[in-house]
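The working numbering runs 330 ahead of the 1-based position in the sequence shown. Using N, Cα and C, we set each Cβ at its ideal position, and we do this for glycine too.
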Amino acid sequence: MTVTSRTARPLAEPEIHGQRGVSWIVGLIWGLLVVNTLGSLAVDTIVPIPRRVLQVITMGSLAVAFVLALLLNRRLRIRPNAFLLLLSLLVVASILSSSFMESGFGALLRCARLAVFVATLWLLTRWWDGGISFVRHHIRALSAVLATVAIGLVISPSMAMPADFDSRLVGIIWPITATQVADYAAVVAGLTLVLWLARATTTRSVVLIAGPALVMLLLTHTRTATIAMLAAIPVAGLTLALTNARARKTIATITVGAAVLAIAFSTALTAWFQRGQDAELFSNLTGRQYVWDALLAQERTVREQLFGVGLTDKSFGGDPIDSTWLAVFHEQGILGVSIVALMLLALVFAMAARPPSPARACAVFLVVYGVIASYTQVALGDVTGYLLHFVLAAALLVPAASEQRSLHSFDRA
């Protein structure tokens, strides 16, 4: 195998960007990556699906995505990207920590999944051109998942909002927890609204896509995703404010309107956020604080502090960790936390270097949303939907095709 360097062809290159079929296949690959992040959590479904079948579908979707990406990019042409380079280093750190077998053989299988996931992303970088095509792929894929949740809600409202889940909306066609539904809904609504602020989509799209997503977000009663979305949209809008009158007017209107609504409906908002929980349960984040305190109090060897215990099912003592930073520290140690921090810094520097544009605004939304959500959700240490949000941000922040001067090619010998 030889390594060569060639000048990037313009965006209108027929064999890459001029065929709708290629764009459709790229969107299909992205959708398969979304399916791979769905998981197989214990939520009752209308038609019971064995856990093994769910795992075969999710893992199979990743395998198909990788094969399709390889067939589509046979010459292995990739674009350099700092975020993916650091993510690749995290794969190496994960393999190192898992090789000590403290978390069993399953840790190595999770490492293999992460490695294939990252390899597929590298193959897709050939089509990262600084435009918003991948935003549309992301919205379509997540909207398809939300459609299954909505169908389940129509078929059986009692199952879709079960009492043992505090009457929060879950997926019952495919088992999807309320927090996952909230994540997909918040990102779909947020990206659609940011595109509208940037004049990159229509009001009709906001009504038909963002509107139902917002309703589903409210039905999940998920505080973190809601707060993250409400914080990320204004920040993304501010990046457009200097060059976009619609963004300036809308952000001002939202700010004033939010203040008025918060005062007028303070009682209802408080009740929604508390979800019927008492003060103690609300203050310790629905029991998360107990898990976090126990994880931090555990005695660790120097090796475990530096490299972690290897990839796990993101639980500690049988309970979910539900924190990106603590999960990474537990699994990949201080080394993993350092790499994740550098990944976020790479995105911040890339945002600062890009001029105002719809792509940059969407990336800002995703990064702000993801950073806030990472406080109570597992995000960047393994294959998750949150990681895919950050990858999308990285794809949006690459130099535009007209600015890209080199495309590294790895040609089969």
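Neighbour-count burial assignment, residue i, 16 or more Cβ in a 10 Å radius
i: PHE435; result: exposed
i: VAL728; result: buried
i: PHE695; result: buried
i: TRP354; result: exposed
i: PRO505; result: buried
i: GLN635; result: exposed
i: LEU439; result: exposed
i: ARG735; result: Residue placement at ARG735 cannot be trusted, given a pLDDT of 48 that sits under 50; what the coordinates show is reported in the next sentence. Flag for ARG735 reads exposed.
i: LEU726; result: buried
i: ASP623; result: exposed
i: GLY541; result: exposed
i: TYR620; result: exposed
i: GLN385; result: exposed
i: LYS579; result: exposed
i: SER429; result: exposed
i: PRO410; result: exposed
i: ILE485; result: exposed
i: ASP649; result: exposed
i: LEU368; result: buried
i: GLY587; result: exposed
i: ALA582; result: exposed
i: VAL500; result: buried
i: GLY647; result: exposed
i: VAL356; result: buried
Residue range of the alpha helix (DSSP H) that includes residue i
i: ASP496; result: Taken as a continuous stretch (DSSP letters only), ASP496 belongs to no alpha helix (DSSP H), as it is neither H nor E.
i: SER427; result: 412-428
i: HIS551; result: Note, HIS551: premise wrong, no alpha helix (DSSP H); not H, not E.
i: THR654; result: 654-683
i: MET801; result: It is not possible to answer for residue 801, since the shown part of the chain is limited to 331 through 743.
i: GLN635; result: 632-637
i: VAL484; result: 463-485
i: TYR699; result: 688-703
i: GLY715; result: 715-726
i: ARG456; result: Segment: none, ARG456 is in no alpha helix (DSSP H) and carries neither H nor E.
i: ARG618; result: 618-627
i: GLY369; result: Where GLY369 is concerned, there is no enclosing alpha helix (DSSP H), given that its DSSP letter is neither H nor E.
i: ALA515; result: 508-527
Close-in-space but distant-in-sequence residues of the same chain around residue i (CB under 6 Å, 5 per side omitted)
i: PHE720; result: GLY700
i: ILE502; result: THR375, ILE376, GLY482, MET489 and ALA490
i: TRP526; result: VAL536
i: HIS468; result: LEU722
i: ILE379; result: none
i: ALA474; result: none
Proximity below 9 Å, CB of residue i to CB of residue j
i: ALA530; j: ILE462; result: yes
i: TYR514; j: LEU472; result: yes
i: THR450; j: ALA395; result: yes
i: PRO686; j: LEU523; result: no
i: LEU392; j: LEU362; result: yes
i: LEU415; j: LEU358; result: no
i: ALA437; j: MET431; result: yes
i: ALA676; j: ALA724; result: yes
i: GLN510; j: GLY638; result: no
i: ARG470; j: LEU549; result: no
i: LEU665; j: SER433; result: no
i: GLY567; j: ALA682; result: no
i: ILE408; j: LEU453; result: yes
i: LEU402; j: VAL465; result: no
i: ILE272; j: ILE557; result: This structure gives no information on residue 272, because the portion of the chain shown stretches from 331 to 743.
i: HIS551; j: ASP496; result: yes
i: LEU625; j: ASP712; result: no
i: ALA512; j: MET546; result: yes
i: VAL373; j: THR507; result: yes
Residue-level contact to chain C via CB, residue i, 9 Å cutoff
i: LEU416; result: The chain inventory of the structure shown lacks chain C, comprising one protein chain alone.
Neighbourhood of residue i by C-beta distance below 8 Å, restricted to the same chain and skipping five residues each side
i: MET389; result: ASN366 and ARG443
i: VAL565; result: VAL694, PHE695 and VAL698
i: ARG630; result: none
i: THR597; result: none
i: SER653; result: ARG618, TRP622, SER704, TYR705, THR706, GLN707 and VAL708
i: LEU572; result: PRO686
Other residues of its chain near residue i: CB distance less than 7 Å, five sequence neighbours each side excluded
i: PRO344; result: Residue confidence is low: PRO344 scores 37 on pLDDT, short of 50, so the model does not pin down where it sits. No coordinate-derived value is stated.
i: MET673; result: PHE413, LEU416, LEU417 and LEU710
i: ALA689; result: GLY460, GLY461, ILE462 and LEU726
i: LEU718; result: LEU363, VAL364 and THR367
Any non-hydrogen atom of the ligand GDP within 8 Å of residue i CB
i: ILE462; result: What this structure holds is no ligand at all, so the ligand GDP is not there to describe.
The stretch 658-678 in contact with the stretch 408-419 per 3-pair CB rule at 8 Å: The stretch 408-419 and the stretch 658-678 touch, with three or more beta-carbon pairs separated by less than 8 Å.
At least 3 beta-carbon pairs within less than 8 Å: the stretch 646-662 vs the stretch 513-527: No: fewer than three Cβ pairs fall under 8 Å.
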